[in-house]
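Asks: Mind looking over this structure? Questions follow.
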Amino acid sequence: MANNHFETVSIGNIQVHVLPSTKFKTTTFVAYIGQELKPETVTKTALLPAVLQRGTQSTPTTIELKRKLDDLYGAILFGDVSKRGERHLMEFGLEIANERYLQDKPALLEEGLSFFTEVLFAPATEGNGFKASYVEAEKKNLKQKIESLQDDKIRYAAQRMVEEMCKGEPYALFNHGRLADLEQLGATELYTYYQDVIRTCPIDLYCVGNVSTEQVVELLRDRLASQATGQRKTYTLAPVVREVKEEKVVVDRLNVKQGKLNIGCRTQTEITSNDYPALVVYNGILGGFPHSKLFRNVREKASLAYYCSSRLESLKGLLMIQSGIEIGNFQRAVDIIKEQLEAMRQGRIDQQELEQTKATLTNAYKEQQDRSYELIHFHHQSVLAGQERTLEQMLQAIQRVSIEDVVRVAQKVQLDTIYFLRD
Amino acid sequence: MQKIEFAQIQETLFYEKLPNGLHVYILPKQGFSKTYATFTTKYGSVDNTFQVPGKEKISVPDGIAHFLEHKMFEQPSGEDVFQEFSRQGASANAFTSFTRTAYLFSCTDHVDKNLTTLLDFVQSPHFTDENVEKEKGIIGQEIRMYDDNPDWRSYFGLIEAMYQKHPVKIDIAGTVESIAQINKELLYTCYETFYHPSNMLLFVVGAVDPERTMTLIRENQAAKKFEQQAEIVRFFDEEPDEVAQPLNEMKLSVGISKCLFGFKEGKAWTQVEGEAALKQELATQIVLEALVGPATELYQSLYDEGLIDDNFGFDYSLESGFGFSMMGGDTPNPDRLLERIREELPKKIDQGISQDTFDRIRKKKIGSNLRYLNSPEWIANQFTSYQFKGVDLFRIIPMLEELTLADVNERMKEHIDWSRFAVSLVRPLG
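Residue numbers (full-length UniProt numbering), protein chains in the order written: chain D, 1 to 423; chain H, 1 to 430.
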């Protein structure tokens, strides 16, 4: 197996992770800034990446910023928020061509890194705040983003299911925030918040490409110096164990042609647990692949759906099942899905299902190594979990999982909420 | 086996045309763990009227190419081929577009076995009355899923607005009614017409040894018998230059309006192939970037006015017989957005694109191309799609370097023709 280990160097209180690799024609930088997921900050955190991408001190207008990116051979800059367990992560990235594949070898690594740190730490400002026009425009955009959630019925149903299932828990929050907070949020308040975030929240900076660690760290040292002092918060895991007292059924109505069925379960298993690899195998046998029980029984045998699958939210210990079905088939689909959960609990799993799942999981993990973003994502998962599990360790652990291990995990899984979006 | 080197991007491509007519390409990727392979037939949703050599001309139900794609996974043993791929640790899939049907897998182990599985399952159809009927429920739900997807509806809405006759206006999956007419005999007819090796292309990219892999493919194909096939004749009604309707409007359950607009390519510009097609495609992409790209004054002012947001995008499609540009996204005020576009584009066309703008966009496109070359999926799919229209994927960077400002300004005048402008609008209900 090719080397896929990041070298980690601390620059003050910022962690820099570098993976030198010759297989990519571009260099990828990613920064994660992790905030707690909570109602008071969710909307502000959601708004920040958009505002930071509007302008920097050297390119204060958006048009200058976009042209700068084009001049850097079409470097891609992005920023967004995601919900990982009860962490609200800001993720920024810059991907830039490696000059060795260009005719006129410009110094793209240095320029790219320099610009990326400027986007993060030297935004365009006026007075004591961000530029007010940027904040107002991005508030409008965020409002549209929140309102347009219902345009994508599959995502809408997934979010509604989580809201119902995790009522009262931070995880119920929508990662793009709440409409009610937007109105009174101003450029100065947001800037004050931003300064607090970059001073106190954990920051991890990644670089993958045909680079050397020394070179990247050298380029970053001065650029990070003023940010990297003082104490930062650390990552803690969300509570995972939560006894289900009774199964909830929630039905929403919208103008849909197809019913969207989402079922949420509590796995009661933490990502740091020794049972976690068995949980990953459990999810694979149940609904991760076309050979899985859900696909075979709901789609292939009963012809009820085009898609029916399950996935894990590992940092919150949830397992989510989703399918799109004819509205009249709700009960049939729920019954078949429940039968599959029961079959898992009873150990009605054959050797072939176990072997297929191990083989496809192994493949999925190994394939991540060919994508810079997935390499970064996998490593950062360990940072969030507070416990390193390398790719090799994960692969070995999966190989060791037995049917008994899967059944033990299955018996902990509890169905919590059945959500149905219908006409 | 031919060996083609691309020095600047440091890639080497291997090629061979097999005796049965199959085109095979292999691109080894240094340092990669995975191998990705696509086995593609030049047969898509638009190929709905054709003549099997020596037989009568026929028209087939809408959605049959896509239906056939689903049914190829069925095996004589009764087990679908996903099971076999899973045992071999591969992730398999397929897709149908307007002009292609592709079968694919990716894996990090057992490449030889998976490649053999891919070749064998696509070359051994097994359709029964029962398995054809069963699929109608599954595809019915796939169609319903797209019915609930407003982005897809507005995308197709624009194509419907542009095209009067050409089958590109028909949804790739067909309708619940059209797929009801599909039976196993029709599927075999389509299969026998379009799945002959001479109408297909195999692309393997990733962690492979080209010699060994080519030998495996050669032997696999030599062991199978294929009748010689005469050229397939496809029929398309004459498509007028004019759009079918300038505005296609619908109301759906959405939070915000969706507005897509673009220019239908005139007939003269949909008959191009090879280098000319690549030049036209790249030049048009540069035109769109110069007109409505994120670094333009127009984009920024529309953004500041709140008429567009960061999902505003643009694209250009060019195939034999049809072509169009497409721009747009979510907007709270589509009428105002269209008004601004109609006001501003003519001014920009009068001014022409400047040398600075052209140089900046060309740089951007060269950098983007390097980024795409990180993706085995992009290489295989894009290479195949280009090859079917006689275009060489690895000519993109050299062609970008050869393009001149005059070429691009000329292209802008050809393409931006308001008599071929159409709009697709999705408004919120109520």
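Glycine is no exception: its CB is placed at the ideal position from the N, C-alpha and C atoms.
For the alpha helix (DSSP H) that G157/H lies in, which residues bound it at each end?
Replies: For the purposes of this step, residue 157/H is taken as the residue at position 157 of the second sequence. Per DSSP, G157/H belongs to the alpha helix (DSSP H) from 150-162.
Asks: Where do the N-terminal and C-terminal ends of the alpha helix (DSSP H) with T62/D fall, by residue?
Replies: Walking along the first sequence from the start, residue 62/D turns up at place 62. Residues 62-71.
Asks: Would you give the residue range spanned by the beta strand (DSSP E) that S325/H belongs to?
Replies: Taking the second sequence and counting its residues from 1, one reaches residue 325/H at position 325. Segment 322-331, the beta strand (DSSP E) holding S325/H.
Asks: Using a Cβ-Cβ distance cut-off of 8 Å, determine whether G74/D contacts chain H.
Replies: As a first step, residue 74/D must be located in the first sequence, where it is residue number 74. Residue-level contact check: G74/D touches chain H, since one or more beta carbons of chain H fall below 8 Å from its beta carbon.
Asks: Taking Y73/D and G293/H to be in contact with their CB atoms under 8 Å, please state how far apart those CB atoms are, rounded to whole angstroms.
Replies: Residue numbering aside, residue 73/D sits at position 73 when the first sequence is read from its first letter. Residue numbering aside, residue 293/H sits at position 293 when the second sequence is read from its first letter. Contact flag wrong, Cβ pair sits at about 15 Å.
Asks: Give the DSSP-derived three-state secondary structure of L52/D in the structure shown.
Replies: Against the first sequence, residue 52/D aligns to sequence position 52. The answer is helix: DSSP assigns L52/D an H, G or I state.
Asks: Mind checking L274/D: buried by the 16 CB within 10 Å criterion, or exposed?
Replies: Translated into positions along the first sequence, residue 274/D becomes position 274. Here residue 274/D is Asn; the residue named in the question, Leu, does not match the sequence. With fewer than 16 other Cβ atoms inside 10 Å of its own Cβ, N274/D counts as exposed.
Asks: Give the secondary structure of V81/D by DSSP, where H, G and I count as helix, E and B as strand, and everything else as coil.
Replies: The residue you call residue 81/D lines up with position 81 of the first sequence. The answer is strand: DSSP assigns V81/D an E or B state.
Asks: Check the Cβ of N333/H against every Cβ in chain D and list those closer than 9 Å, keeping chain order.
Replies: As a first step, residue 333/H is located in the second sequence; it is residue number 333 there, counting from the start. Here the premise fails: no neighbours, minimum Cβ distance about 12 Å.
Asks: Once DSSP output is grouped into helix, strand and coil, what is the label at V298/D?
Replies: Taking the first sequence and counting its residues from 1, one reaches residue 298/D at position 298. V298/D falls in the helix class under three-state DSSP.
Asks: The alpha helix (DSSP H) spanning E183/D covers which residue range?
Replies: Numbered from its first residue, the first sequence carries residue 183/D at position 183. Note, E183/D: premise wrong, no alpha helix (DSSP H); not H, not E.
Asks: Rounded to the nearest angstrom, what separates A31/D and P290/D at their Cα positions?
Replies: On the first sequence, position 31 is the one that residue 31/D refers to. On the first sequence, position 290 is the one that residue 290/D refers to. Cα atoms of A31/D and P290/D: separation of roughly 34 Å, rounded to the nearest angstrom.
Asks: Counting Cβ pairs, one atom from each stretch, are 3 or more of them under 8 Å apart for the stretch 57-76 of chain H and the stretch 177-185 of chain H?
Replies: yes
Asks: Identify whether S424/H lies in helix, strand or coil by the three-state DSSP scheme.
Replies: Locating residue 424/H in the second sequence gives position 424, counting from the first residue. Under the three-state reduction of DSSP, S424/H is assigned to strand.
Asks: Assuming K257/D contacts D148/H (C-beta within less than 8 Å), just tell me the rounded distance between them.
Replies: What you label residue 257/D is simply residue 257 of the first sequence in a count that begins at 1. What you label residue 148/H is simply residue 148 of the second sequence in a count that begins at 1. Indeed, because the Cβ distance is near 5 Å, the residues count as touching under 8 Å.
Asks: Between S422/D and Y146/H, what straight-line distance do the alpha-carbon atoms span, to the nearest angstrom?
Replies: Taking the first residue of the first sequence as 1, we reach residue 422/D at position 422. Taking the first residue of the second sequence as 1, we reach residue 146/H at position 146. Inspection of the sequence shows that residue 422/D is occupied by Arg rather than by Ser. Cα-Cα distance, rounded: 15 Å.
Asks: Any beta-carbon of chain D closer than 8 Å to the one on M399/H?
Replies: Taking the second sequence and counting its residues from 1, the one referred to as residue 399/H is at position 399. Cβ-Cβ to chain D under 8 Å: no for M399/H.
Asks: Please state whether DSSP places H23/H in a helix, a strand or coil.
Replies: Residue mapping note: residue 23/H aligns to position 23 of the second sequence, counting from 1. Reduced to three states, the DSSP call for H23/H is strand.
Asks: Can you give me the Cβ contacts of I146/D inside the same chain, cut-off strictly under 6 Å, excluding the 5 residues immediately before and after it?
Replies: Sequence index remark: in the first sequence, residue 146/D carries index 146 (1-based). Within the same chain, I146/D has close Cβ partners H176, L179.
Asks: Over the uninterrupted beta strand (DSSP E) stretch that includes N311/H, give me the two end residues.
Replies: Translated into positions along the second sequence, residue 311/H becomes position 311. Per DSSP, N311/H is not a residue of any beta strand (DSSP E), being assigned neither H nor E.
Asks: Does the count of Cβ pairs from the stretch 224-243 of chain D and the stretch 394-408 of chain D closer than 8 Å reach three?
Replies: no
Asks: Give me the Cα-Cα distance between H415/H and S198/H, rounded to the nearest whole angstrom.
Replies: Along the second sequence, read from residue 1 onward, the residue named residue 415/H stands at position 415. Along the second sequence, read from residue 1 onward, the residue named residue 198/H stands at position 198. Between H415/H and S198/H, the C-alpha separation is close to 34 Å.
Asks: Give, in chain order, every residue of the stretch 228-258 of chain D whose Cβ lies closer than 9 Å to some Cβ of chain A.
Replies: Although the question refers to chain A, the structure presented lacks it and instead comprises the protein chains D and H.
Asks: If you draw a straight line from the alpha carbon of D171/H to that of G140/H, how long is it in whole angstroms?
Replies: Mapped onto the second sequence, residue 171/H falls at position 171. Mapped onto the second sequence, residue 140/H falls at position 140. One C-alpha to the other measures close to 13 Å.
Asks: Please check if any C-beta of chain D sits within less than 8 Å of the C-beta of V254/H.
Replies: Counting from one through the second sequence, the residue named residue 254/H turns up at place 254. Answer yes: the Cβ-Cβ gap between V254/H and chain D drops below 8 Å somewhere.
Asks: Can you give me, in chain order, the residues of the stretch 372-390 of chain D that have a beta carbon less than 8 Å from any beta carbon in chain H?
Replies: S372
Asks: Could you please give the first and the last residue of the uninterrupted alpha helix (DSSP H) stretch that includes T116/H?
Replies: Working through the second sequence from its first residue, we reach residue 116/H at position 116. Run containing T116/H: 111-122, per the alpha helix (DSSP H) assignment.
Asks: Is there a C-beta anywhere in chain D that falls below 8 Å from the one on K144/H?
Replies: Counting from 1 along the second sequence, the entry for residue 144/H is found at position 144. Reading off the sequence shown, one finds Arg at residue 144/H, where the question assumed Lys. Chain D contact via Cβ: present.
Asks: I believe S323/D touches A305/D by the beta-carbon criterion, under 8 Å. Please report the beta-carbon distance rounded to the nearest angstrom.
Replies: Counting from one through the first sequence, the residue named residue 323/D turns up at place 323. Counting from one through the first sequence, the residue named residue 305/D turns up at place 305. Correct: roughly 5 Å between the Cβ atoms.
Asks: List the residues of chain H that G324/D touches, going by C-beta distances under 9 Å, in chain order.
Replies: As a working mapping, residue 324/D is identified with position 324 in the first sequence. Listed by position along chain H, the residues whose Cβ is nearer than 9 Å to that of G324/D are Q141, E142, R144, M145, D148.
Asks: To which residues of the same chain is A410/D closer than 7 Å at the C-beta, ignoring the five residues directly before and after it?
Replies: As a first step, residue 410/D is located in the first sequence; it is residue number 410 there, counting from the start. Cβ neighbours of A410/D beyond the five flanking positions: Y282, M344, R345.
Asks: Compute the Euclidean distance between the alpha carbons of I418/D and G174/H, then round it to the nearest angstrom.
Replies: On the first sequence, position 418 is the one that residue 418/D refers to. On the second sequence, position 174 is the one that residue 174/H refers to. Going by the C-alpha atoms only, they are around 32 Å apart.
Asks: Taking Cβ-Cβ distances shorter than 8 Å, what residues in chain H pair up with Y101/D?
Replies: Walking along the first sequence from the start, residue 101/D turns up at place 101. Within 8 Å Cβ-Cβ: Q8, I9, Q10, L370.
Asks: Can you say whether K34/H is buried or exposed, counting buried as having 16 or more other CB atoms within 10 angstroms of its CB?
Replies: Sequence index remark: in the second sequence, residue 34/H carries index 34 (1-based). It is buried - the Cβ of K34/H has at least 16 other Cβ atoms within 10 Å.
Asks: My assumption, with CB atoms under 8 Å, is that D304/H sits in contact with A137/D. Please give the rounded CB distance.
Replies: As a position in the second sequence, residue 304/H is number 304, starting the count at 1. As a position in the first sequence, residue 137/D is number 137, starting the count at 1. So it is a contact: roughly 6 Å between Cβ atoms.
Asks: What is the C-beta distance between F263/H and R420/H, in whole angstroms, given that I count them as a contact (C-beta under 8 Å)?
Replies: Position 263 of the second sequence, counted from the start, is the residue given in the question as residue 263/H. Position 420 of the second sequence, counted from the start, is the residue given in the question as residue 420/H. That belief holds up - the Cβ atoms of F263/H and R420/H are roughly 5 Å apart, short of 8 Å.
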